[in-house]
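A short worksheet on the structure shown next.
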Amino acid sequence: MNSPVLGLLAPTRKALVLGLKERGEATAEVLGVATYLSVAAVRAHLTALERLGIVSHTNQRNGPGRPLHIYRLTPAGETLFPQSYAPLLRAVFDAVADDRECEAKIMRFVEQAQVFELQQHVRAPSVGGRLRELVRAPTFAPFFPEYEQTAERTWCLRFRHCPLKEVASEYAQCCELEQRVVQVALGESATVEVQSRMTDGSPVCAFNVRSGG
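In structure tokens form, the structure reads like this:
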């Protein structure tokens, strides 16, 4: 998840940026626990990161008293993380913009290549086991994946980063492709539904995964 620019940040500020990336959004209190810093120190660093345009915050009221500051990365902050696939994919889409048949062939090829790569790593007999293998597979490493079980035979799969976000905001087929790849990797017994997308303003791409057996 590192990039040359991210590496220029001081270690403490880098840790806070990584903490926000992992969580999507967080309070200074949560980040303080994660980084073993005082809340005052975290707030001071976050204020500095806000001045740099890397972090922003919104206010959340939960009753009387001061509102909570909820911090998240700005679009400029997101660019600290790899977007290496985006320029190449954008060039391909732009080149075939008027040739739908060619575009469809390219998408099928990319999908098949990703599925083939995942099949080398995702082999567990159960949906839960395949999810565990999927988030560890090199294919999805750039997406910073994680998952948690939310109910019996139900999980939430999240991508904390999207190396294709710049292109996906213009070409929705990128998001659709990744959903299909996840579906194929998890098998016919799994149902994969979109909960949120970064292209719609969410801090994460999230999928609801259910096992039918």
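Take the sequence shown: its letters are residues 15 to 227, numbered as in the working numbering.
We treat Cβ as the ideally placed atom computed from N, Cα and C, and that holds for glycine.
Where the beta strand (DSSP E) through residue i begins and ends
i           : result
residue 223 : 219-225
residue 20  : Unbroken run through residue 20: none, as it is neither H nor E.
residue 90  : No beta strand (DSSP E) holds residue 90; the alpha helix (DSSP H) holding it covers 89-92.
residue 206 : 204-210
residue 172 : 168-173
8 Å contact criterion, which residue i and residue j should meet: CB distance rounded
i           : j           : result
residue 93  : residue 59  : Their Cβ separation, rounded to whole angstroms, is 19 Å, which puts residue 93 and residue 59 out of contact at 8 Å.
residue 193 : residue 208 : 6 Å
residue 204 : residue 223 : 6 Å
residue 35  : residue 174 : 6 Å
residue 29  : residue 49  : 5 Å
Residue span of the alpha helix (DSSP H) that contains residue i, given as start and end
i           : result
residue 159 : Residue 159 -> not in any alpha helix (DSSP H); beta strand (DSSP E) instead, spanning 159-165.
residue 129 : 114-133
residue 200 : 187-200
residue 181 : 179-182
residue 144 : 141-148
Residue-chain proximity (residue i, chain C), Cβ-Cβ < 8 Å
i          : result
residue 38 : Absent from the structure is chain C; it holds one protein chain and no more.
Classification of residue i by the beta-carbon crowding that lies within 10 angstroms, buried from 16 upward
i           : result
residue 159 : buried
residue 185 : buried
residue 213 : buried
residue 150 : exposed
residue 130 : exposed
residue 54  : exposed
residue 177 : buried
residue 211 : buried
residue 219 : buried
residue 77  : exposed
residue 42  : buried
residue 79  : exposed
residue 181 : buried
residue 179 : buried
residue 188 : buried
residue 47  : exposed
residue 111 : exposed
residue 155 : exposed
residue 40  : buried
residue 61  : exposed
residue 57  : buried
residue 22  : exposed
residue 164 : exposed
residue 72  : exposed
Query - Any 3 or more C-beta pairs closer than 8 Å across the stretch 56-67 and the stretch 144-163 - result: No: fewer than three Cβ pairs fall under 8 Å.
Report task. Answer yes if the stretch 164-173 comes into contact with the stretch 84-97, meaning at least three C-beta pairs across the two stretches below 8 Å, and no otherwise. Result -> Too few Cβ pairs lie closer than 8 Å, so no.
Query raised in the report: In chain order, which alpha helix (DSSP H) runs of at least 4 residues are fully inside the stretch 29-80?
Result: Runs found: 42-49, 53-65.
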